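Working notes for the structure below.
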Amino acid sequence: MKCKKCRHDAVIDMRHHNLALCKEHYLEWMVLQTERSICKFGMFSHDERLLVAVSGGKDSLSLWDILWKLGYAVDGLYLDLGIDEEEPYSRQSGEYARQFAAQRGLHLQVIDIQQEYGESIPEMGRRTKRGHTKPCSQCGLVKRYLLNKQALEGGYDAIVTAHNLDDEAAFLFSNLTHWSLQYLGRQRPLLPATSGFARKAKPFCQFYERECAAYAILNGIQYIYHECPYAEGSKQLRNKSLLNQMEDQQTGFKTQFYLGYLRALEQGIFPQSQEDAGVLEKKRCHRCGQPTQSAGLCTFCRLVTGK
Ligand code: Q46
Ligand code: ZN
Ligand code: ZN
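Here is the structure:
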């Protein structure tokens, strides 16, 4: 297998693009494609300040690396979830994130959930569990809330996350099986800012997971290889595995599935909700001032105060 550009040995064969590339041209291709996505969806510009959500995994560290190489002003945010009971998952992820930032002289903000709020994510999950054995809903809420809070308070223009095509296709599959119109309308690559919510962009939405892993490995980026222990057996992983089976049978299946969704968005089939379009003014949380559906405390404040 030879590189399509220089005829040297290829390190990756992307059959869905009918493209094999050597190391040098692959790394160049990833950077160029990321810039193309940023421009195509009008995500952000070089004079804006970005905050990238860093988990210590291959996707977020590769994204941070590429945005840095493209010359964007981008800081990182690592949330230490305190998931260290069975294996030191959070501790190791945090070490990779810190090491990455230090090697490049980049600024990483770290929030230790246990220190800030008195409980780790598994502890919050156990305290509030309603028949669930995993703390994923509490974890998702805390991550969304704190990412938005840090972006707004830090004066950042956009939050950037490293969701890749496999993530997006699996969410899409789940949202379609439930016909969750609200989620289908907001799963777009760029969600504009509304009152109380920062802009959100996903520049990796068209990269396969293995392409992000290849970028990290070929660049010598050290990342946490394991998934969070609570991800095991999750619906998201099951959907990913199903979609991989489809991809094995039909090259490019995941890309087609996702591009079809983007076309449907363009045609207005899944419109933005009034909230996301900023038409509906939300109530404000009495404790933190963030927008909330109901009067009183927002769901985050209710979680951390136990009220
Ligand atoms: S939600 Fe659940 Fe993830 Fe949080 S507890 Fe782990 S698996 S990290 S994406
Ligand atoms: Zn080449
Ligand atoms: Zn609140």
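Numbering (my numbering), first residue to last: 2 to 308. Cβ atoms here follow ideal geometry from the backbone N, Cα and C, with glycine treated the same way. All figures in this text were calculated on a predicted structure; none of them were measured in a lab.
In this model, G261 and R145 are separated by some 27 angstroms (Cα to Cα). In the structure shown, K5 falls within a coil segment according to DSSP collapsed to helix, strand and coil. In the structure shown, A199 falls within a coil segment according to DSSP collapsed to helix, strand and coil.
Counting every other CB atom within 10 Å of its CB across the protein chains shown gives H287 a total below 16, marking it as exposed. Under the DSSP assignment, V161 falls in the beta strand (DSSP E) whose first and last residues are A159 to V161.
Judged by DSSP in its simplified three-state form, A21 adopts strand. In this structure L182 touches F271 by the C-beta definition: roughly 6 angstroms separates them, less than 8 angstroms. Contact annotation, Q139 with G126: C-beta distance approximately 5 angstroms; criterion of less than 8 angstroms satisfied.
Take A170, set aside five residues on each side of it, and the residues of its chain with a beta-carbon closer than 6 angstroms to its own are L244, K255, F258 and Y259, in chain order.
Sorted by position in the chain, C286, R288, C289, Q291, L298, C299, F301 and C302 make up the residues whose C-beta lies under 6 angstroms from a heavy atom of ligand 3.
Secondary structure note for Q151: its alpha helix (DSSP H) is the uninterrupted segment C137 to E154. With the criterion CB distance below 7 angstroms from any heavy atom of ligand 2, the matching residues run C4, K6, C7, H9, L22, C23, E25 and H26 along the chain. Between the segment 192–205 and the segment 35–43, the count of C-beta pairs closer than 8 angstroms reaches three or more; the two stretches touch.
Collapsing the DSSP output to three states places T35 in a helix. Per DSSP, Y262 is one residue of the alpha helix (DSSP H) stretching across F254 to E267.
Rounded to whole angstroms, the gap between the alpha carbons of I160 and A152 is 7 angstroms.
Judged by beta-carbon spacing, L20 lies beyond the 8 angstroms limit of K3, meaning their Cβ atoms are not closer than that value. Judged by DSSP secondary structure, D60 falls within the alpha helix (DSSP H) whose first and last residues are K59 to K70. Comparing alpha-carbon positions, the option among Q34, R211, L68 and L62 lying closest to S46 turns out to be L68.
Across the structure, P136 and H9 are spaced so that their CA atoms are roughly 48 angstroms apart.
As computed with DSSP, V75 is found in a beta bridge with L51.
With contacts defined as CB atoms closer than 8 angstroms, A217 and Y224 qualify as a contacting pair.
The DSSP-derived three-state label of D85 is coil. Annotation: the continuous beta strand (DSSP E) that includes I112 extends over L109 to D113. In the structure shown, the three-state DSSP call for M247 is helix. Closest in alpha carbon position to K24, among L219, G269, C229 and R285, is L219. For I218, the enclosing alpha helix (DSSP H) has its first and last residue at E210 to L219.
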